[in-house]
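Numbering (my numbering), first residue to last: 1 to 250. Only one structure is covered here, and it is reproduced in the block below.
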């Protein structure tokens, strides 16, 4: 099992600053090593200030290939769109080539069609970048994830069928009857680095179960994330107060 690296920060501002440093360094390393960097972005409130900071960063924008680990089934103009948020505060402000920003197609028909279309795009892009065979699982350089107060991550919600999908890269998640498009567990776990960002006292109960020696993976889906590469948790003090976690000092 992947050993998580846990770093705890006094507040969300410090957490975001560390995440910024790590993302910039990882992008630089990937580009130096292979000439490009593949990133999957998270939605939610915690990554938003990170994206705002990245809009001011000096990155090799033409070397980035950007995807989303999950998306609400709404148009990109909708205020709930993960891609819409990232574009507004970050991507529309930097010279990243639009042909290297792969937004989840939420207007192609049924959610199942959207998931299949996004998977086809993933296979095409990574087949070109990494020379993958059609049945191989792409390997992201970095997948950013958040975590809900119920222990979900991406759109992998507790006790939902998406948790069981092993033969797809992208599937349909279910949030109280509302469809979401989400990366599957096998795709996330193939990443060279998975970085969780979680802040706030409302995450405390879920974190206690996620790091417990024994707990139900189906009840707390973030427990299913055990990548072949690095597993990073960046947390703020409010999220971990009175919890005993395997901390890795920054």
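Cβ atoms here follow ideal geometry from the backbone N, Cα and C, with glycine treated the same way.
Could you pull the start and end residues of the beta strand (DSSP E) that residue i belongs to?
i, result
"residue 72", "70–72"
"residue 49", "Run containing residue 49: none in the beta strand (DSSP E); it sits in the alpha helix (DSSP H), 48–54."
Can you check whether the CB of residue j is closer than 8 Å to the CB of residue i?
i, j, result
"residue 151", "residue 222", "yes"
"residue 38", "residue 65", "yes"
"residue 144", "residue 60", "no"
"residue 158", "residue 189", "no"
What number of angstroms, rounded off, separates the C-alpha of residue i from the C-alpha of residue j?
i, j, result
"residue 76", "residue 233", "29 Å"
"residue 250", "residue 5", "Only weak support is given to the placement of residue 250: the predicted model assigns it a pLDDT of 47, under 50, and the value that follows is read from those uncertain coordinates. Their Cα atoms are separated by approximately 10 Å."
"residue 20", "residue 50", "6 Å"
"residue 231", "residue 225", "8 Å"
"residue 139", "residue 191", "5 Å"
"residue 167", "residue 119", "11 Å"
"residue 24", "residue 53", "11 Å"
"residue 199", "residue 161", "27 Å"
"residue 153", "residue 146", "6 Å"
"residue 40", "residue 68", "5 Å"
"residue 124", "residue 72", "23 Å"
Considering residue i, what are the terminal residues of the alpha helix (DSSP H) in which it resides?
i, result
"residue 210", "204–210"
"residue 20", "12–34"
Our contact map puts residue i next to residue j with C-beta atoms below 8 Å; I'd like the distance itself, whole angstroms only.
i, j, result
"residue 55", "residue 93", "4 Å"
"residue 193", "residue 141", "7 Å"
Could you check what DSSP says for residue i in three-state terms: helix, strand or coil?
i, result
"residue 176", "coil"
"residue 132", "coil"
"residue 7", "strand"
"residue 126", "helix"
"residue 201", "helix"
"residue 150", "coil"
"residue 250", "Below a pLDDT of 50, predicted positions are generally treated as unreliable, and residue 250, at 47, falls in that range; no measurement from the model is reported."
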